[in-house]
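First the structure, in the form of structure tokens, and then the observations on it.
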Amino acid sequence: MNQSVLIGPFTQILPLDALPVKGALTDDRLHLIEAGGILVEAGKIKAIGQFDDLYRQFPQSSIQEITQKAVVLPGFVDAHTHACFAGSRALDFAARNSGKSYLEIAASGGGIWRTVAATREATEAELLSKTLDHINAFLRQGVTTIEVKSGYGLSVDAELHMLRAIRRAAHESTATIISTCLAAHMLPRDFTGDHQSYLTYIEHELWPLIQKEKLSKRIDIFIERSAFSSETSLIYLQKARQAGFSVCVHADQFTTGGSAVAVKTGAASADHLEASGQKEIEHIAASKTVAIALPGASMGLGEPFAPARALLDAGATVAIASDFNPGSAPMGHLLLQASVLA
Numbered sequence: 305m306n307q308s309v310l311i312g313p314f315t316q317i318l319p320l321d322a323l324p325v326k327g328a329l330t331d332d333r334l335h336l337i338e339a340g341g342i343l344v345e346a347g348k349i350k351a352i353g354q355f356d357d358l359y360r361q362f363p364q365s366s367i368q369e370i371t372q373k374a375v376v377l378p379g380f381v382d383a384h385t386h387a388c389f390a391g392s393r394a395l396d397f398a399a400r401n402s403g404k405s406y407l408e409i410a411a412s413g414g415g416i417w418r419t420v421a422a423t424r425e426a427t428e429a430e431l432l433s434k435t436l437d438h439i440n441a442f443l444r445q446g447v448t449t450i451e452v453k454s455g456y457g458l459s460v461d462a463e464l465h466m467l468r469a470i471r472r473a474a475h476e477s478t479a480t481i482i483s484t485c486l487a488a489h490m491l492p493r494d495f496t497g498d499h500q501s502y503l504t505y506i507e508h509e510l511w512p513l514i515q516k517e518k519l520s521k522r523i524d525i526f527i528e529r530s531a532f533s534s535e536t537s538l539i540y541l542q543k544a545r546q547a548g549f550s551v552c553v554h555a556d557q558f559t560t561g562g563s564a565v566a567v568k569t570g571a572a573s574a575d576h577l578e579a580s581g582q583k584e585i586e587h588i589a590a591s592k593t594v595a596i597a598l599p600g601a602s603m604g605l606g607e608p609f610a611p612a613r614a615l616l617d618a619g620a621t622v623a624i625a626s627d628f629n630p631g632s633a634p635m636g637h638l639l640l641q642a643s644v645l646a
């Protein structure tokens, strides 16, 4: 039988259980446990409560005493990152400082494509090492669950390369890693065909291999003028759902349309939303799709922030994520970005 361990007493424990997820959260809904304890058995939390009460209930437990003041709360979740990549986008940063927009930089050969070229050249071991470095930085911030997207491969082989590196990182890290396939990040410059042909190629050639190797259960797509249209994205996501994937969407970053597709396809989340207006806000709030605000991208690009307050007031479920990536949001500090948005 596994020996249980009682850890504490902590100054306070903030469990965050049984809280409403839609709409704004007020302080009076939070449940604080003073002089709290955590009972752990076989590496899992068995009970949370006041330390003295747990000590009386489980007298055979060994004690791991906490002597300094400490507050415990669940690990943070970063629900949108691009933490697997190679290379640098310093040239993009310089171009933005000279006045060029994100779309102008992408059109001139920078942006995502610059990272695609570097990522394709990297070995799986190099991608693994860099991804683990990024994950460890998140862990030091208290972020224990991290979504990591592919999307800098943009071919079957290169996307598999990334997804395998992400899977290896998940096995080697203490963090919980959620892998997402973002092969539909943009139309690759070296693909001989149109946007619809590329999506069909991904559906037929990549998805079966992802499922065979159990590399990801999630499909993402970037709906934007510089990427994929709402019409083609809708069909792509519907097919992904039919194939057994859950879906999420890069939506309404510069122009609207993506969030409507997210809601229509029952997407887990619509991410970005900087361009969302009142119509989009009400549509998202009436759905089960989570609105994910990405303040790091707004800071990095000098663009407006997502209307997070309006989304909350409308009754939407809102999350904040870092959008950590080498181009538009290289900061990667979730708590700092959340404090700026707040």
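All residue numbers for the sequence shown refer to my numbering, where the first residue is 305 and numbers rise by one.
Where is the CB? At the ideal position from N, CA and C, for every residue including glycine.
Given the structure is predicted, the values throughout are model-derived calculations rather than measurements.
Out of the options, state which residue places its alpha-carbon closest to the alpha-carbon of residue i.
| i | options | result |
| --- | --- | --- |
| residue 480 | 508, 501, 569 and 451 | 451 |
| residue 614 | 313, 312 and 328 | 328 |
| residue 411 | 595, 384, 340 and 493 | 493 |
| residue 395 | 638, 415 and 572 | 415 |
| residue 403 | 622, 526, 607 and 625 | 607 |
| residue 645 | 628, 345, 602 and 336 | 602 |
| residue 326 | 641, 640, 619 and 635 | 619 |
| residue 557 | 542, 570 and 530 | 530 |
| residue 638 | 497, 507 and 387 | 387 |
| residue 292 | 571, 604 and 470 | Beyond the ends of the chain as shown, which are 305 and 646, falls residue 292; an answer cannot be given. |
| residue 647 | 421, 473 and 409 | The question about residue 647 has no answer, for the chain in this structure spans 305 to 646. |
| residue 665 | 336, 367 and 345 | Nothing can be reported for residue 665: it is not among the residues displayed for the chain, which extend from 305 to 646. |
| residue 650 | 359, 483 and 476 | Since the first residue of the chain shown is 305 and the last is 646, residue 650 is not available in this structure. |
| residue 357 | 369, 413 and 313 | 313 |
| residue 500 | 466, 543, 400 and 475 | 543 |
| residue 476 | 438, 545 and 527 | 438 |
| residue 569 | 333, 591 and 371 | 591 |
| residue 573 | 611, 322, 368 and 596 | 596 |
| residue 460 | 612, 381 and 487 | 487 |
| residue 372 | 339, 525 and 566 | 339 |
| residue 554 | 515, 400, 525 and 466 | 525 |
| residue 381 | 623, 643, 632 and 633 | 623 |
| residue 576 | 545, 364 and 633 | 633 |
DSSP state of residue i, grouped into three classes?
| i | result |
| --- | --- |
| residue 340 | strand |
| residue 578 | coil |
| residue 524 | strand |
| residue 434 | helix |
| residue 556 | coil |
| residue 610 | coil |
| residue 314 | strand |
| residue 596 | strand |
| residue 382 | strand |
| residue 362 | coil |
| residue 322 | coil |
| residue 367 | strand |
| residue 441 | helix |
| residue 573 | strand |
| residue 496 | coil |
| residue 618 | coil |
| residue 419 | helix |
| residue 453 | strand |
| residue 373 | coil |
| residue 348 | strand |
| residue 327 | coil |
| residue 512 | helix |
Less than 6 Å between C-beta atoms, sequence neighbours within five positions excluded: which residues of the same chain meet that for residue i?
| i | result |
| --- | --- |
| residue 389 | 419, 423, 456 and 630 |
| residue 377 | 318 |
| residue 502 | 491 and 495 |
| residue 561 | 534 |
| residue 348 | none |
| residue 311 | 342 and 368 |
Going by DSSP, name the residue or residues bridged to residue i.
| i | result |
| --- | --- |
| residue 485 | 523 |
| residue 353 | 341 |
| residue 532 | 527 |
| residue 628 | 385 |
| residue 551 | 523 |
| residue 583 | Answer is none; residue 583 lacks a bridge partner. |
| residue 404 | Per DSSP, none; premise fails for residue 404. |
| residue 623 | 596 |
| residue 480 | 449 |
| residue 565 | Bridge partners of residue 565: none, in fact. |
| residue 309 | 344 and 366 |
Report all residues from its chain with a CB closer than 7 Å to the CB of residue i; omit the five preceding and five following residues, and keep chain order.
| i | result |
| --- | --- |
| residue 379 | 446, 447, 448 and 449 |
| residue 521 | 549 and 550 |
| residue 469 | 388, 428, 431, 432 and 435 |
| residue 345 | 306 and 308 |
| residue 510 | 460, 463 and 487 |
| residue 586 | 618 |
Would you grab the beta carbon distance between residue i and residue j for me? Rounded to a whole angstrom, and I think it's under 8 Å.
| i | j | result |
| --- | --- | --- |
| residue 489 | residue 458 | 6 Å |
| residue 315 | residue 351 | Not confirmed; about 18 Å, so no contact. |
| residue 523 | residue 534 | Contact flag wrong, Cβ pair sits at about 16 Å. |
| residue 674 | residue 307 | The displayed coordinates of the chain run from 305 to 646. Any statement about residue 674 would go beyond what the structure contains. |
| residue 506 | residue 467 | Not confirmed; about 13 Å, so no contact. |
So, for residue i: in the same chain, excluding its five sequence neighbours on each side, which residues have a beta-carbon less than 8 Å away from its beta-carbon?
| i | result |
| --- | --- |
| residue 635 | 600, 603, 604, 626, 628 and 641 |
| residue 538 | 565, 568 and 569 |
| residue 612 | 595, 597, 622, 624 and 645 |
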